[in-house]
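Structure first, commentary second.
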Amino acid sequence: MEIYWLLGIPLSGGIFMALWGFRRNAPEINALFSLLTLAVAALLTARIVEEGPMTVGNGWFFIDSFNVFLVTLTAFVAFTTALFSRPYMRIEEEHGRLSTARLRLYHSSYQIFIGMMILALTTNNMGILWVSMEGATLATVLLVSLYRTPASLEAAWKYFILCGVGIALALFGTILLYFAAEKVLGSGGTALLWTQLNGVKTQLEPTVLQLAFVFLLVGYGTKVGLVPLHSWLPDAHAEGPTPVSAVLSGLLLNVALYAVMRSKVLVDGALGNDMAGNLMMGFGLLSVVVAAFLINRQTDVKRMFAYSSIEHMGLVTFAFGMGGTVASFAGLLHMTMHSLTKSAIFFTVGHATQKAGTQLMSDIRGLIKTNPTIGWGLMLGTIAILGVPPFGVFASEFLIITTAMHEHPWATPFLLIALGVAFASIFGKVQPMVFGETGLPRLPHMPALTPVFVHLGLVLMLGLFIPPYLAAWYRQAAQLLGG
Amino acid sequence: MSVLADLDAHILDLAWAGVLYWLALGFSALLLQRWRGALVHLVFPLSALGGLFIAAVGVAGLVLPASAMVLPIGLPDLPFHLRLDALSAFFLVLLGSAAFGITVYAAGYFHSMKAGPLALVGLWYHLFLAGMATVMLADDAYAFMVAWEVMALSSYFLVTTDHDVPEIRRAGFLYLLVAHVGAVSLLLTFGVLQGGHGAYTFDYMRHSEITPFWASAAYLLALFGFGAKAGLVPLHVWLPEAHPAAPSPVSALMSGVMLKTAVYGLLRVTFDLLDLRIGWWGTLTLALGLVTALYGVIFAAVQSDMKRLLAWSSIENIGILIAAFGLTLIFYTEGKGALAALSLTAMLYHAINHAFFKSLLFIGTGSVLHATGERRMGRLGGLIRFMPWTAWLTLIGALAIAGLPPLNGFVSEWLLLQAFLLTPGLTQPYLNMVIPVAAASVALAAALAAYVMVKYFGVIFLGRPRDPALEHAREANWPERLGMLWLAAGCVALGLFPAQVIAWIAPVVRQLTGQALANDGNWLLLAPLAAERASYAPLIFLAVVLVVLLFTFIWVRRVYHGRVRHADPWDCGYPEQNARTQDSAEGFGQPIRHIFVSFMRVERETPDPFDRHPHYRGDSRDKLWLLLYKPIADLVGWLSAQAGRLQHGRIQWYLTYSFVTLIVLLVFVSR
Amino acid sequence: MVTGILLQIVQTLIAILLAPLLMGWVNQCRAWLQGRTAPPLTQPYRTLRKLFHKDAVIAGNASPLFRFAPYVIFSCMVLAAGLVPTIANDLPFSPAADVIALVGILALARVFLALAAMDIGTSFGTLGARREMLVSFLAEPALLMVFFTASLISQSTELPHIVETLAQKEFAIYPSLAFAAVAFWMISVAENARIPVDNPTTHLELTMIHEAMVLEYSARHLALIEWAVALKLFTYSVLGIALFLPWGIAPRGDVAALPLALAAMVAKLAAGGAALSFMETISAKVRLFRAPEFLGTAFLLAVLGMLTHFLLEV
Amino acid sequence: MALNYHLQIVNLLAALLLLISFAMLSQRRVAGLVTLFAWQGAALALSTAIVAWSTGQHHLYYSAALTLGLKVIAMPWYFYRLIRKLNVNRVVEPMINIPTTMLIGIVLVIFAFNLALPISQMSGTVMRSTLGIALACVLLALLMMITRTKAIPQVIGFLAMENGLFFAATSATYGMPLVVELGVALDVLVGVFVLGIFIFQIRETFDSLDLKHMEKLKEK
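Protein sequence lines correspond, in order, to chains A, B, C and D. Numbers 33 to 515, taken from our numbering, label the letters of the first sequence in order. Numbers 273 to 943, taken from our numbering, label the letters of the second sequence in order. Numbers 9 to 322, taken from our numbering, label the letters of the third sequence in order. Numbers 3 to 222, taken from our numbering, label the letters of the fourth sequence in order.
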């Protein structure tokens, strides 16, 4: 039952905003819808935790420990982002960078985007999964180009074309999947249901499935931002409004990776070898290393953190590629930590850039003086994302690196180098932004930094203590993925 | 009361309580940021008491059997494991006793600091203390790494306390970077040691077998990781930058205590977690240690900034520690248990000695800095007349670190040299060649240390004030003096009662090498192996010196008059002499620079004969920076430039990437 | 034991009393060799006496350390002299401080001298201190290496045991000791401010090392320092004797051998002093920055001594 | 017999699709490109209809109709309007010259066929080699997107790719479940709509549809 609410609220929210989004209090309503979504998601989670995996709506929706935690995460980050975007967008409007009409578009697509992602997470049908992924892309394309500046248009165009192509390849993969499935399950509706496929995965045709996986990996991998399919990501993150960057980085990438993982489970079952795992490890490692070196060259703060997202998604992909319960557990943990931390960072960065009126890091100095909360938020967020304990990102990196050293020692030198370079690059650029003398004025609006510290607080807590039910939940998911 | 009744059951709870106490003080400091008085007069004194408490727990822990506990925090399958055995206990004593003096001092030092920053300092300072204590208590990889990084992080924030200065920001960045890279390599060490499926407890590692190859890998990674923290050449570059940048009590903690956590970790991994040790590790480590020692002391001799000088001297002492560690490994793998015990004792002894005298020197320097606001030794001088307390107490530290009897520095040096000296023929001939050379370099380092300390004390406290403003230098306040007094007393006590100290270290040595150092002498005679081979009795020594001194003094006074006439110093016929004609710090280091110039990049501004206001600046920098680090930085820059080419804006190219990736993968799978 | 303590005291007193005499003897020999009329043998005693009677003149800004140092230096030297077996071999005090401690004592005295020199803050004082430390940071480890060679042979760092092994055990030729002996000679020349490293008689500030440090001292303080210097020379000489020609030193508990031992010692000292002055006469003082080379050679020789011990004698 | 007959027609249409893809690859004029795209859509619709008829998969009729409506009538009309409005119907040289493109295309086709061969062997449906052709169409379309330097041709390439996919869906498998097809169609529709908005925005921002104006975002 909750599931319909879960989908209904954001989608209706989208329509509502499309109609009345020009209202003065639209931001509040936006936040309200997100809050409702979060509430329902919490209810759903509660049920899953006690009743275990279930299929709803005669098999159209399937909710297990894996996707339900992503649903909660999505709803949560969506809500906090809505909170953050409330004052942020106001200020943008006052600066005259956005018109009311644009805000209406923004709010409406925001809700639809959330709805699409939840659909993608909860659906049981690989085809619908594809449809909703595409939908999420379409919903965000116009958000990326919201400012209508040449740069933002360019970014949006690249985003659209590259992800469009990628997603098209994913469709071909889905077709192949269906092609293989219908011979086992017979043609018709059920042949794309993941639960069904999962049941018969050992009988599926290996040759077809490995082709299918290549297409799915390249397709959804484009949205995950795996090197070398990542080219759209930094542009889109840098040019879109900051709340959008936050949800792109924090949520969309996860959902795309979720799609890959769903297919991987099937393919592993069908092939019985770890071809899929090796591919993912390769992509992951490549992404980590290349992203680390690219970070070193950045001058635009949002762009830099976009690359850091690529790096972390690479790390997660690598972890999932390694397989095994510990690695999968670490991967899931890292997903969560990255979403929370990275969105928090984007919040602070948003305020910082708004204050400085530029995204060039060289022009942002001494935040800790002008606005200590922003300064400390950015500093702590950065430290957290760089994998320094006691923040949770370290917990997952700890597990990933030690496991890698144990299972695939050859990969560790690359990780060592990449992490070192990334640390040097990011921290070396953030430190002068936070510390030192400054020329910036104080901010007229009180920035909404509660989300930041809520996120960082959670990350800190999860680094030191993971509540038992949460842990159990992760374990089930890890079992599911790592076999 | 029941706690005291069965202490061995509760000792670990007490230790953990001490850690929590520090944490609590840290956060209360954050809450008290409105009340400066409370911060200065309450928080810091209280945390000093915490130091004493931790030290006491450590002393008890040395004699009690090892005890372990599990905390309800950490990762799901990996809660924090704590364990208190002799090794941890020893380092807890080191931490606690040094921290007591330093924190008492800090209460005076931060007296004039503004409330806001002071609250932050209070927070990080106590996180730092708690982190170090937890490092020594941790009994699983995760807890260890968390504590390790908390320690690094909090000290980073302490280093960057006044972050307006670009150099300090740079120093902090360099420090955290090296610390992080080191931490990752420690992660890899534990990655090797862990048993898969999340078996990360030290207890598991202790009982697991491992192939020689992987053991060596683990050891080298550990050496790299801990070396980065300890400032082992060539990973030392951050140290001379970061230690001076911090407020003096923090510098004292970093040099005196934090560096020892690296030593602790090295001991823990090598002698506790690894189940086999290989000979060449020892030789390698010994060599590295000696290089570090000499490198450090040579650069210490040419420094002109007093805190930087002390930082370099810390590198030297770490080098000696690591060398002793390597020697222990050699003896241990050669099956010479007694000698291993001897050199390990020397190492631990030197560790705690260094904790005391280096902290003392750093805080003494801090008082000078407070009184004069000047870090360049070339602008100081003659302070013994205006700050007698600071001067005389610092002198004790200086003599101790110079390894002069009867103070503590001499004892550890003596033990180490004995370890070298009493080597019977080792099985590998090349080791027999190594030992004398090693002994020679240790002796050389010690002698140079004396040079450095004469420079340090002489230039700062003796002679004529090089700047008239120094006449108004204010003596250190009472808490500061108290802190210095404690540490100085420690130096003297450790120097005068070696037999007791060694008996007290014995449990640690026995735990690690399976054999303790038998003192063949009595309570005042220290005889490590056999009385007729070597012995040393500082108390008698001191007594005789004092007797002779007293006798001479009385005799001179009795037999002759004590008339004294005060006059100007003799100008040797050059009436132009003034305070500026004394040796500057550079001047005093000049002979050393002259000899070892090949290690340094010397930058000099020398005045030309027609300058109205002649001005000289000399600076000798570390060549390794150019030879090792800059190339790495350039390489990274180049690589990222190459990576940057991927991203050149043309959507057609981006599409091509996807296209090619697809084709390649298809080819790959359809084989 | 009682005899031991007596011997210890007697021996120390002998050292204190004879030290200036040795100094006088060296000066005398050198005067003869240079064809000057020699000062009387007791000249050093007279100088000391004169100095003790003078009024002390002290720079106005001298700190307590300045006045305190001479006493420390003197008593350190007395201690050092007391540690070396000159005539008898059972010294109850020797377990308290072995050769390494002996080096430590010498270093302590040196450090105090250097600090005292820097206290007044004249350019010459600091210059002297710097040079002194420069000389010592090479001489000290070299001296240690010499001792190490001896103690590797005798498996002990206690001087009496070393002497026992070398003198009273069965006679053996130790090539390593040859190296050590040469090194020791060079070291003691340097440490006692002798040509070619320093010139004890010069008063040209720019060339001197030791003298530059004591420029500010006068009267009783200077006397104590001069006496300490004499003691230092004496100590090094008897050290050399104990290490390299220890024959004749009375073994433990053999009181009867003492007179002979005394005679032997005086003879050896006389020879040594003569040799020293001879070397001084035939060699010229080197530039200051040659001194490190000179001492570096000594250091290397000493290390070589140890190596040869490990190569040939183990 | 009848089946065999339909099979031949579908294969013929498949060949036609491939041919059109090649034609698109070589077409310099935008308007011509649109026309070709329309023809491709028509062929696609026809083949779908035939498959539907021959196999009695009735929901395929809907798909056929949808294709006809969207890709043969609506979109081409829309594009013609666009071209007229923005008047961008000029001869445009692709990035790589035509013959080379053709060569690469042929290589791609061979590659696609080889790739699809093992799968076609086991294909349960009557349409054997169509999967290979579909894959070839997809790759060719992608190649076209790479070679074109203007916005509209790129979009058309994108849609042509969609066609290839659709063909794969209908012929290789007897069409995906209806829901999915509707979803896909909806996405395509919205996508084209969004693209339309974009093209206008691009036009008014850069007053040109040349993609070389959009190469600002890159690493210095």
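We treat Cβ as the ideally placed atom computed from N, Cα and C, and that holds for glycine. Bear in mind the structure is a predicted one, so any value in this text is a computation, not a measurement.
Spatial distance of residue i from residue j (CA atoms)
i              : j              : result
G916 (chain B) : E752 (chain B) : 54 Å
S281 (chain A) : L21 (chain D)  : 42 Å
T132 (chain D) : L117 (chain D) : 12 Å
T227 (chain A) : I95 (chain A)  : 10 Å
L390 (chain B) : L311 (chain B) : 8 Å
V265 (chain B) : M649 (chain B) : It is not possible to answer for residue 265 (chain B), since the shown part of chain B is limited to 273 through 943.
A104 (chain C) : A775 (chain B) : 19 Å
I482 (chain B) : E439 (chain A) : 15 Å
L19 (chain D)  : L46 (chain D)  : 8 Å
T473 (chain B) : A610 (chain B) : 31 Å
F496 (chain B) : G454 (chain B) : 7 Å
K129 (chain A) : A456 (chain A) : The displayed chain sequence assigns Arg, not Lys, to residue 129 (chain A). If you take the alpha carbons of R129 (chain A) and A456 (chain A), they lie about 34 Å apart.
D475 (chain B) : L593 (chain B) : 27 Å
T933 (chain B) : V216 (chain A) : 31 Å
V529 (chain B) : G253 (chain A) : 48 Å
V333 (chain A) : A138 (chain D) : 42 Å
T13 (chain A)  : I146 (chain A) : Residue numbering for chain A in the displayed model covers 33 to 515; residue 13 (chain A) lies beyond these limits and cannot be assessed.
A110 (chain A) : A168 (chain A) : 14 Å
Sheet register partners of residue i (DSSP bridge)
i              : result
T239 (chain A) : According to DSSP, T239 (chain A) bridges with nothing at all.
S892 (chain B) : B:V874
A258 (chain C) : C:A96
I123 (chain A) : Answer is none; I123 (chain A) lacks a bridge partner.
V836 (chain B) : C:A64
heavy atom of the ligand MG below 7 Å from residue i C-beta
i              : result
P810 (chain B) : This structure simply doesn't include the ligand MG, nor any ligand for that matter.
Using Cβ-Cβ distances below 7 Å, what residues of the stretch 798-810 of chain B are close to chain C? A803, E804, R805, A806, S807, Y808 and A809
Could you please tell me which residues of the stretch 93-108 of chain D, in chain order, have their CB closer than 9 Å to any CB of chain A? none
Can we say the stretch 349-361 of chain A touches the stretch 383-399 of chain A, given the rule of at least three CB pairs closer than 8 Å? no
What are the residues in the stretch 120-131 of chain C lying within 8 Å of chain B by C-beta distance? A122, L123, M126, D127, I128, G129, T130 and S131
Which of the residues in the stretch 910-942 of chain B, read from start to end, lie with their CB under 9 Å from any CB of chain A? L911, S912, A913, Q914, A915, G916, L918, Q919, G921, I923, W925, Y926, L927, Y929, S930, F931, V932, T933, L934, L937, L938, F940, V941 and S942
Does the pairing of the stretch 427-438 of chain A with the stretch 424-436 of chain B give three or more beta-carbon distances under 8 Å? no
Quick one: any contact between the stretch 187-194 of chain C and the stretch 147-162 of chain C, if contact means 3 or more CB pairs under 8 Å? yes
Secondary structure, beta strand (DSSP E): runs of 3+ residues fully inside the stretch 62-113 of chain C: 64-67
Is the stretch 216-227 of chain C close to the stretch 128-147 of chain C, with three or more CB pairs under 8 Å? yes
Chain-ordered residues of the stretch 145-157 of chain A with a beta carbon less than 8 Å from chain D: N157
Note down, in chain order, all residues in the stretch 138-149 of chain D with a beta-carbon under 8 Å from any beta-carbon belonging to chain A. V140, L144 and M147
Start-end ranges of the beta strand (DSSP E) lying completely within the stretch 686-722 of chain B, minimum 3 residues: none
Take every Cβ of the stretch 45-64 of chain A, pair it with every Cβ of the stretch 72-87 of chain A, and state whether three or more of those distances are shorter than 8 Å. no
Pair every Cβ in the stretch 174-194 of chain A with every Cβ in the stretch 919-927 of chain B, then say whether three or more of these pairs are closer than 8 Å. yes
Mind listing which residues of the stretch 480-512 of chain B have their C-beta closer than 8 Å to chain C's C-betas, in chain order? none
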